[in-house]
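In what follows, a single structure is set out as structure tokens and then discussed.
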Amino acid sequence: MKIKLNKMLIRNFKGFKQFELVPNGENLAVYGDNGTGKTSLYDAFLWCLFGKNSADQSDTKFDWKPLNSENEPIHHLETEVIVTLDIDGTIKEFGRNIQEKWTKKRGSIAETFDGHTTTYSIDGLNVKQKDFKEALSELIDEETFKMLTKLNYFPEVLDWKKRREALLEMVGDLTDEEVIESNKELAPLNDILDGKSVDERTALVKQQMKQINKDINALPGRIDEVDRSLPDLTNLNKADLETQKLALQADLERKRIELSEVVNGASSVKISSQIKEFEVHKRELEIQYYQREEAGLDELKEKRNEANDLVFEARQKNTELTMKRNELMAKIDSHLKEIEVIKTENDKNRQRFTQIRDEQFPKFDDSKLICPTCGVPFNEHKVFDIKHNHEEQEKQFNADKAARLTQIKEKGIANNGLIAEHQGAVDSLKEQLENLDLPASDAAVKKTQDNLKAIDDEIEKAKAGINPFNDTEEAVEIDMQINALKNQLDAINSDNQSLIKQINLEILEFNSKISEVNDDLYKFELHAKQSLRREELINSEQTLSLEFGKLEQQLFLLEEFIKTKVNLLTDTINNKFNLVKFKLFDTQNNGGITECCEPTVEGVNYSTGLNTANRINAGLDIINVLMKHHDTYVPVFIDNAEGINDILDIDTQIITLSVSKDEKLTIKEQ
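Sequential numbering of the sequence shown, starting at 9, is according to my numbering.
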């Protein structure tokens, strides 16, 4: 596909008020002094298609509006660029138009700037942004267009990894297996890769080497830390300490037994037992006392039991009568509701009876004896049939009417019978309700309750006359004996407190000495653990060094793989270019390699020391190869073309932008 620029119309874009560039698909040379708008032509071309300038900045990042003398944007202008392309002989026009939005806020007279409105067009017809982008994308995507039209995009702007991917896409990448098979020394990589790519395994090996190196460097410090944490065992003997600990534990146990004997002394236990015996005896005497004193109340208690039984019987009978009353009232209510339902049905039937009784069959219409089509009266035979049919219909109507009226009458008679039955049931139930005599039952309950309360009052009055047991001589004598024993117990406990305190102090001292011995014994345990840890750290250095050497060998093979692959691909890639040669890896001072993708011209890196002429021709050489690969040819703008005398010839439209002394843009065909 060949895309050529036929025409570009520019209005109010950067320094252009109105300008038209008409190459008609041919090569052009544009000359002009600095600031005359050479680069702006390229900016306008890219902005129209993709909304960005030649520096790949969107229209929010560069000044696309014309500026006034104070270097401020000129407002109320309409900016537009229309690009006409020749695409394999078909003319296609793309346009981008931006207008300012001005609005009046409520309560304000002056207009306020409120952003921009962008309009897109294809072949003069306005389209949505989405459709505009899709139309361009169908021709060529933006990323590919940048690579094909911008001299420095592929060799400088594009990330080196994507640059390498594009080159490998052109020549076809090699599989890991193909590279390994080409060099027998790389055979161990089949096991080393273990399903991972070379890049993944290389990154993992470097990460592991870095960690191992870090661990090895940290070992001296960790060993020194262990040495500093070793406890001092000078003047300590483990066997002597263990013997000393056993002796102290035996002394401690003896003191604990001594303390138990003092706290739980025999005399104290005996007195406490006597106190409990007197308290039990007092309780038994108290029970016997009240049994004797209340013996005269037995007759009253018997009367109370009888009275309580009468209360229970009266309440039970009253409850039964109440339940019977509720049952009768519920039945009465049910019958009354049935009566109301039947009466309501009778009222509806009376209304229906009146309506049916008033129904009349329509009188005969003489117009039916005349033909509705021709207006001629029917013959006698037809007239007879019509009248006979009318008479039969009237008879049938009257018969139906009589039957319906009879049915309603019979239903009314039956309903009245039902009402009488329900009313009879209500009267019978009301009579039963009156015979229950619930008030008499309520009075009987109250009478039995009053009788029970009177007996309870009599019992309480009799109990109030009994003296409390604690006031009797027996109780007073027992209390005196209990108090005497308690005083003896308090005296014994008071004498033991000082002895208990002394024994507890001795127990604390033994515990303290045992703790000190345990601390010294732990030093031997800690010393053994730390010594073992020190030996492990020393041994780990050798293990880590062996592992590091193994990883170094793997890294060497991985780098050899990269060198082999690069060497296999480099010639294939570079044979496609006339001027540019690509360097696909750098050799480091330590012999290792790092992947890259640096274009060079005669051994000089594009990114460092290449002059303007070679940079331009290098860009053209790369673009030429990319265009052939994609089979897509687009216009190429060469800015700063004054810096080169011999421009590399490529098979596409070229527009050069050169600095000259011309005060206005000068266009020449080439």
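Ideal Cβ positions, reconstructed from N, Cα and C, are used throughout, including at glycine.
Nothing here was measured: the structure is a model prediction, and the numbers come from that model.
Residues near residue i in its chain [Cβ-Cβ closer than 8 angstroms; skip 5 each side]
i: residue 305; result: 467, 470 and 471
i: residue 286; result: 486, 489, 490 and 493
i: residue 653; result: 621
i: residue 672; result: 40 and 44
i: residue 266; result: 511
i: residue 76; result: 82
For residue i, the nearest candidate out of the options (CA to CA)
i: residue 106; options: 94, 96 and 88; result: 88
i: residue 477; options: 401, 300, 455 and 529; result: 300
i: residue 462; options: 80, 319 and 139; result: 319
i: residue 250; options: 533, 645 and 586; result: 533
i: residue 594; options: 483, 613, 557 and 13; result: 613
i: residue 607; options: 453, 571 and 581; result: 581
i: residue 629; options: 652, 589, 134 and 651; result: 589
i: residue 64; options: 25, 85, 157 and 36; result: 157
i: residue 674; options: 29, 9, 12 and 15; result: 29
i: residue 84; options: 560, 119 and 50; result: 119
i: residue 11; options: 668, 32, 18 and 246; result: 32
i: residue 663; options: 647, 670 and 623; result: 647
i: residue 482; options: 187, 145, 151 and 291; result: 291
i: residue 36; options: 669, 670 and 649; result: 649
i: residue 9; options: 668, 676, 636 and 670; result: 636
i: residue 242; options: 528, 61, 495 and 497; result: 528
i: residue 497; options: 271, 47, 535 and 409; result: 271
i: residue 399; options: 195, 316, 373 and 414; result: 373
i: residue 678; options: 592, 661 and 101; result: 661
i: residue 96; options: 651, 670 and 639; result: 639
i: residue 90; options: 564, 451 and 131; result: 131
Run of the beta strand (DSSP E) containing residue i, from where it starts to where it stops
i: residue 669; result: Where residue 669 is concerned, there is no enclosing beta strand (DSSP E), given that its DSSP letter is neither H nor E.
i: residue 228; result: Counting along the chain, residue 228 falls outside any beta strand (DSSP E), though it belongs to the alpha helix (DSSP H) covering 206 to 237.
i: residue 110; result: 98 to 112
i: residue 647; result: 644 to 647
i: residue 28; result: 24 to 29
i: residue 95; result: 87 to 95
Identified DSSP bridge partners for residue i
i: residue 37; result: 664 and 676
i: residue 126; result: 106
i: residue 591; result: 606
i: residue 120; result: 111
i: residue 506; result: Note: residue 506 sits in no beta bridge, so no partner.
i: residue 525; result: None; residue 525 has no bridge partner.
i: residue 601; result: 595
Chain D contact for residue i (CB, 8 angstroms cutoff)
i: residue 536; result: The chain inventory of the structure shown lacks chain D, comprising one protein chain alone.
Backbone CA spacing between residue i and residue j [nearest angstrom]
i: residue 73; j: residue 655; result: 33 angstroms
i: residue 504; j: residue 295; result: 38 angstroms
i: residue 473; j: residue 329; result: 43 angstroms
i: residue 645; j: residue 52; result: 12 angstroms
i: residue 170; j: residue 125; result: 35 angstroms
i: residue 202; j: residue 547; result: 29 angstroms
i: residue 352; j: residue 418; result: 16 angstroms
i: residue 436; j: residue 424; result: 19 angstroms
i: residue 172; j: residue 545; result: 45 angstroms
i: residue 235; j: residue 542; result: 8 angstroms
i: residue 141; j: residue 559; result: 51 angstroms
i: residue 438; j: residue 447; result: 16 angstroms
i: residue 526; j: residue 289; result: 56 angstroms
i: residue 214; j: residue 567; result: 11 angstroms
i: residue 206; j: residue 162; result: 25 angstroms
i: residue 145; j: residue 139; result: 10 angstroms
Cβ neighbours of residue i in the same chain (closer than 6 angstroms, five flanking residues each side left out)
i: residue 521; result: 256
i: residue 312; result: 463
Residue i, enclosing alpha helix (DSSP H) - first and last residue
i: residue 16; result: Per DSSP, residue 16 belongs to no alpha helix (DSSP H); it is in the beta strand (DSSP E), 11 to 21.
i: residue 265; result: 246 to 271
i: residue 382; result: It is not in any alpha helix (DSSP H) - residue 382 carries neither H nor E in the DSSP assignment.
i: residue 368; result: Where residue 368 is concerned, there is no enclosing alpha helix (DSSP H), given that its DSSP letter is neither H nor E.
i: residue 146; result: 137 to 147
i: residue 456; result: 446 to 472
i: residue 629; result: 620 to 638
i: residue 47; result: 46 to 58
i: residue 179; result: 168 to 179
i: residue 190; result: 184 to 190
i: residue 199; result: 197 to 201
i: residue 73; result: Looking at the DSSP string, residue 73 is not in any alpha helix (DSSP H), and its letter there is neither H nor E.
Residues near residue i by beta carbon distance below 7 angstroms, same chain, minus five either side
i: residue 237; result: 538
i: residue 587; result: 609, 625, 626, 629 and 656
i: residue 549; result: 224 and 227
i: residue 591; result: 604, 606 and 608
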